[in-house]
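Peer 1:
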Amino acid sequence: VLDFPGGKVAFTHEIQFISESSQERVPCYSVLDDNGQQITNSHFVQRGSSGEDVSDMVTLQIMDNIYYEAQRQGRLSFYATTIGEEAINIASAAALISGDVIFPQYREPGLLLWRGFTLQEFANQCFGNKSDYGKGRQMPVHYGSNKLNYFTVSATIATQLPNAVGAAYSLKIDRKNACAVTFFGNGGSSEGDFHGALNLAAVMEAPVLFICWNNGWAISTPTSYQFRSDGVVVKGRAYGIRSIRVDGNDALAMYSAVHAAREMAITEHRPLLIEALTYRVGHHSTSDDSTRYRSAYEIEWWNKARNPLSRFRTWIESNGWWSDEAESDLRSRIKKEMLEALRVAEKSEKPNLKNMFSDVYDVPPPNLKEHEFVVRQTIKSHTQDYPSNVPL
Amino acid sequence: MSAIIRGAGAATALSTFNPVDSKKLAAPSRTNLPARSKRYIVAGSDASKSFGSGLRVRHSQKLIANAVATKADTSVTTGTGHELLLYEALQEGLEEEMDRDPHVCVMGEDVGHYGGSYKVTKGLADKFGDLRVLDTPICENAFTGMGIGAAMTGLRPVIEGMNMGFLLLAFNQISNNCGMLHYTSGGQFTIPVVIRGPGGVGRQLGAEHSQRLESYFQSIPGIQMVACSTPYNAKGLMKAAIRSENPVILFEHVLLYNLKEKIPDEEYICNLEEAEMVRPGEHITILTYSRMRYHVMQAAKTLVNKGYDPEVIDIRSLKPFDLYTIGNSVKKTHRVLIVEECMRTGGIGASLTAAINENFHDYLDAPVMCLSSQDVPTPYAGTLEEWTVVQPAQIVTAVEQLCQ
C-alpha cells in the first residue's frame with residue numbers, strides 16, 4: 005500500500021488498464037412505461053395532484069408551436085423550441101423551491117413558466133419591446149428574471165455551469181436552505197466549462213445540481229461524435245460527483261430524481277449530476293432544418309412513442325386528476341391567450357434608444373454619453389433611415 | 020487649505036481639481052494636509068466631476084525642481100501614517116474591505132493558507148476562514164465563472180489570477196458574462212467582481228508569464244480597468260474596485276510588489292476613473308502607467324538636468340481613459356509622449372494615441388509619440404528581456420526629439 009497524498013493506494017502487480025467502458029451501460033431510472041402506466045415495484049416521490057404539471061407542459065408545447073410558426077411567418081426574428089423536453093422542464097421545476105437559483109442554457113423556459121412568468125412576459129422578451137425585462141437587448145428565448153431566480157440566458161454554451169457553482173457557493177456561505185440548479189445539453193458537456201465547473205463544485209462541496217438533457221443531438225452532431233464515454237452520467241464519477249441517469253421523458257422519474265438530488269445537495273453540501281435521456285424533437289432552432297441530418301422517422305418515433313406529455317397525461321388521467329375535456333379547454337384557452345399576448349407584444353413600442361447605452365455600467369461614463377450624442381446627431385440628419393418603431 | 024470645490028452638478032461633496040491650478044495650491048504648506056486626507060472619495064464613474072484624493076495637493080512648489088516625485092514626498096505628513104510594501108498595501112485594502120463588508124470574498128489559486136503567490140492574501144484565510152478566502156483548483160475559466168455567478172447572487176468576489184496571463188483562459192467568462200450580463204439582463208443582475216493579478220514583464224519569467232493583457236481586455240464593454248503603481252494607489256484602487264458596482268480589472272505588476280511607501284493611517288480610496296499627476300511640468304506631457312512610471316521618472320531626472328520640464332501623468336485608469344486630466348495637460352504642453360509596456364500593435368498606447376489625436380488634435384504641436392515594447396514574445400535571456408521594455412535612455416531621446 006502506498007501512502008500517497010490524498011489517501012492510501014493499494015498496489016497491483018499486473019499490467020491492467022481500466023477499460024474505456026464498462027460491460028453494462030449505466031441503467032436509466034424510470035417509473036412510467038411507454039404507455040404511461042406505472043411500472044410495478046417502481047419507486048417514486050409522490051407529489052399529490054399534478055394538474056399544474058400537465059397544464060404547464062401543455063402550455064409550453066402550445067407556446068413553442070405558436071412561436072415557431074410566428075418566426076416562420078416573419079413575425080419573430082428567432083426562436084428555439086423545447087419540444088420533446090417538456091417533462092425535464094416542468095418536472096424539474098416542480099421539484100425545486102422558489103429560492104433555488106436556476107442557471108439555464110436556453111431550452112428551459114418551462115421552469116420560468118412554472119415559477120409564474122406570464123405568457124405576456126415571454127412574448128415581450130421575444131419581441132424585445134419596452135416591457136421586456138431585458139430591455140430589448142437580447143435575442144428571443146434569452147429570458148431572465150431576478151425575481152423568479154432565473155438567471156438571464158447567456159448564449160455561450162456551458163458558461164452557466166461555473167456561474168451556478170458560484171451561486172451555490174454564495175448560498176452555502178449564507179447558509180440558505182436552497183441550491184443552485186443548472187441545465188445544459190449533451191453538447192455542452194464537451195465544453196471546458198463543464199469539466200472545470202464539476203471539478204470545482206466537487207472540491208468546494210457546493211450545493212449545485214448539474215442537469216444534462218442528453219437529447220441525442222448538438223445541432224447536427226450526434227452523441228457518437230460528441231463523446232465516447234457512456235453518455236454524460238459516467239463523467240460524474242471522474243470528478244467525485246454522485247450521478248444518476250434518468251428517463252427525461254418520464255415526468256415522475258424526473259421529478260423524483262431532482263427531488264432526491266436536491267435533498268442531498270442541501271443537506272450534504274454536495275454537487276449532483278443528473279443525465280436526463282430525452283430527444284430533441286424540434287430543430288436546434290429556427291436557423292436549423294434537422295431533416296437534413298436525421299431521418300424523419302426517428303423524429304416521429306420519439307414524438308409519438310416516447311412523448312413525455314402523452315405518457316404523463318395517461319398516468320394523471322388514470323388517477324382522476326386530468327381529463328380530455330380539461331385538456332381541450334386548456335388548449336383553446338392557452339392558444340387564445342398566447343395569440344393575444346403575441347399580438348400585444350408585437351404592437352408594443354420598442355425600448356427607448358437610451359437603453360442602448362444604459363446598464364453597460366451602473367452609470368453611463370462620459371465616453372458612452374458621447375457615443376449616444378453622436379448616434380442621436382446621426383439620426384437627426386438621417387431621420388428617414390432610422391426605424392420608426394424605436395422611440396428616441 | 021482645501022481643494023477647489025466645483026459645484027457644477029456634483030451631487031456629493033467632492034472636490035474637482037484642475038491640474039493647471041496645482042501650482043497655486045501647491046504653494047501652501049503641507050501641514051494643511053490633514054483636512055485633505057480625511058476626505059473620503061466616493062468612487063463614481065462620472066470622471067468629469069469626481070476628482071479628489073488630493074494627490075495633486077501633495078506636490079509642492081519644491082517638486083518641480085525635484086524630478087523624482089515618488090520617493091521624496093508621496094508620504095503623508097500628518098506625522099502618522101505607516102510604511103509598507105505595495106503587496107502589503109493591497110493586502111491591507113483587501114482586508115479592510117473584507118472587514119467592512121461580509122460579502123467580500125477572495126478566490127483563486129493558492130490564495131488561502133499559502134497566502135497567494137505574491138502574498139497579497141497573506142493571513143486572510145486565517146482571519147476570515149477557508150470559505151471566504153477560497154483555494155480553487157487550476158481552472159481559471161471555471162473559477163472566474165464562479166466568481167461571476169457568486170456576484171450575481173449577492174457576493175462581491177475578488178478573483179485572483181496568479182499571473183494576469185492565466186486570465187486569458189478566463190477570457191470567455193470575462194468578455195461574455197462579466198462584461199455583458201448586467202446589460203443583457205436589462206439591469207436585473209449586477210456583477211461587482213474585482214479581477215486582479217500581476218502582469219507585465221518581470222525578471223526572466225519567460226514569455227508566457229510576461230503578458231500584458233490590458234490591451235486585450237480594453238475593448239470589452241462593461242468592464243473597467245485600472246493599473247496601480249504605488250502602495251498608496253494600490254490600496255486606494257483595491258478598495259474602490261471592491262466597492263464599485265461594475266466589474267473592475269485591477270492590473271498589478273510583478274516587479275512593483277516590493278515598493279515601499281508611507282501611506283495614511285486614515286481610510287481613503289482612490290477614484291477609479293482618475294489619472295494621477297506625478298510631476299507637473301510645462302514642456303511635454305508624458306503619459307504612462309504601472310512600472311513604466313518609474314522608468315519615466317528616472318528619465319525625468321536626466322531631462323530636468325538637461326533643462327526640460329516634463330509633466331508626468333500616471334494614467335491609472337486604462338478603461339475609461341481620464342481624458343479630462345490628459346486633455347488639460349495636452350492643452351498646456353502641446354506635446355505628448357506615451358510610454359507603455361504593451362506591445363506596439365494594439366496596445367494601450369495605440370488606443371490612447373487615437374483618443375488624444377481625435378480629441379485634442381488642435382492642441383498638438385507635434386505628432387503623438389508612443390514608446391512601447393516590440394511585437395515579440397518576451398525572451399527569457401535577461402539582456403534581451405531588458406531591451407523589450409522601454410528604457411529611460413529611450414525616453415530621454417524621445418523627449419528631446421519631440422521638444423526640438
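For the protein sequence lines, the chains are A and B, in the order given.
The number in this note's numbering is simply the position in the first sequence, starting from 1, with 4 added.
The number in this note's numbering is simply the position in the second sequence, starting from 1, with 19 added.
Ideal placement from N, C-alpha and C gives every residue a C-beta, glycine not left out.
Quick caveat, the model's predicted, so the values are computed rather than measured.
1) What residue range does the beta strand (DSSP E) around glycine 205(B) cover?
2) How would you call glutamine 230(B), buried or exposed, if buried means at least 16 neighbouring beta carbons within 10 angstroms?
3) What residues of chain B sit near isoleucine 204(A), judged by a beta carbon separation below 8 Å?
4) At what residue ranges does the stretch 317-377 of chain B contain a whole run of the beta strand (DSSP E), taking only runs of 3 or more?
5) Going straight from the alpha carbon of glycine 170(A) to that of asparagine 190(A), what length do you get?
6) Note down, in chain order, every chain A residue with its Cβ under 9 Å from the Cβ of histidine 201(B).
7) What does the Cβ neighbour count give for histidine 17(A), buried or exposed, with the cut at 16 atoms within 10 Å?
8) Could you give the DSSP three-state label for glutamine 230(B): helix, strand or coil?
9) Applying the 10 Å Cβ sphere with the 16-neighbour rule, what's the burial state of glutamate 293(B)?
10) Are isoleucine 303(B) and leucine 356(B) closer than 8 Å when you measure CB to CB?
11) Give a yes or no on contact between the stretch 76-84 of chain A and the stretch 286-298 of chain A, applying the rule of three or more CB pairs nearer than 8 Å.
12) Going straight from the alpha carbon of arginine 119(A) to that of methionine 61(A), what length do you get?
13) For serine 327(A), count the other beta carbons within 10 Å of its own beta carbon; 16 or more makes it buried, fewer makes it exposed. Which is it?
14) By Cβ distance below 7 Å, which residues in the same chain neighbour serine 158(A) in space, the five residues on each side in sequence not counted?
15) Please list, in chain order, the chain B residues whose beta carbon lies closer than 8 Å to that of valine 105(A).
16) Quick one, are the C-beta atoms of arginine 335(A) and valine 58(A) less than 8 Å apart?
17) Mind checking which residues open and close the beta strand (DSSP E) that includes phenylalanine 270(B)?
18) Should phenylalanine 147(B) and glycine 218(B) be called a contact, given that it needs their Cβ atoms to be closer than 8 Å?
19) List, from N- to C-terminal side, the alpha helix (DSSP H) runs of 4 residues or more that fit wholly inside the stretch 161-195 of chain A.
20) Would you say serine 174(A) lies against chain B (beta-carbon separation less than 8 Å)?
21) Does any C-beta atom of chain A lie closer than 8 Å to the C-beta of asparagine 265(B)?
22) Any idea if serine 26(A) is buried or exposed, counting beta-carbon neighbours within 10 angstroms, 16 or more meaning buried?
23) Would you verify that the beta carbon of alanine 171(A) is, or is not, closer than 8 Å to some beta carbon of chain B?
24) Have a look at alanine 246(B) and arginine 335(B) and give me their C-alpha separation to the nearest angstrom.
25) Would a check of beta-carbon distances place leucine 150(B) closer than 8 Å to chain A?
26) Run through chain A and tell me which residues come within less than 9 Å of phenylalanine 208(B), C-beta to C-beta.
27) Going along the chain, which residues of its own chain have a beta-carbon closer than 7 Å to the beta-carbon of aspartate 65(B), five neighbours each way excluded?
28) Following the continuous beta strand (DSSP E) through phenylalanine 126(A), name the residue where it begins and the one where it ends.
29) If you drop the 5 nearest sequence neighbours on each side, which residues of the same chain put their C-beta closer than 8 Å to that of lysine 358(A)?
30) Would the C-beta of phenylalanine 340(B) count as close to the ligand SAH, meaning under 7 Å from any of its heavy atoms?
31) For the stretch 135-147 of chain A, which residues have a CB atom closer than 9 Å to at least one CB atom of chain B, in sequence order?
32) Determine the burial state of glutamine 393(B): buried for a count of at least 16 other Cβ atoms within 10 Å of its Cβ, exposed for fewer.
33) As a quick exercise: from Ser96(A), Arg298(A), Leu277(A), pick the residue whose alpha carbon is nearest that of tyrosine 283(A).
34) Our contact map puts glutamate 353(A) next to asparagine 133(A) with C-beta atoms below 8 Å; I'd like the distance itself, whole angstroms only.
35) Can you round the beta-carbon distance between isoleucine 215(A) and phenylalanine 187(A) to whole angstroms, since I take them to be within the 8 Å contact cut?
36) Beta carbon of glycine 134(B), beta carbon of phenylalanine 162(B): below 8 Å?
Peer 2: To lay it out plainly:
1) Note, glycine 205(B): premise wrong, no beta strand (DSSP E); not H, not E.
2) buried
3) The question names isoleucine, yet the displayed sequence has leucine at residue 204(A). Under the 8 Å cutoff, chain B gives Thr155, Pro156, Cys158, Ala161, Phe162, Met165.
4) 329-333, 336-338, 355-362
5) 22 Å
6) Asp363, Val364, Tyr365, Asp366
7) exposed
8) coil
9) buried
10) yes
11) yes
12) 13 Å
13) exposed
14) Gln164
15) Thr172
16) no
17) 267-272
18) no
19) 164-177
20) yes
21) yes
22) exposed
23) yes
24) 5 Å
25) yes
26) Gly148, Asn150, Phe155, Thr156
27) Reliability fails at aspartate 65(B), whose pLDDT of 36 lies under 50, so the model's placement of it is uncertain and no value is given.
28) Taken as a continuous stretch (DSSP letters only), phenylalanine 126(A) belongs to no beta strand (DSSP E), being part of the alpha helix (DSSP H) at 123-131.
29) Glu376
30) The ligand SAH is absent from the structure shown, which contains no ligand whatsoever.
31) Asp136, Tyr137, Gly138, Lys139, Gly140, Arg141, Gln142, His146
32) exposed
33) Arg298(A)
34) 6 Å
35) 5 Å
36) no
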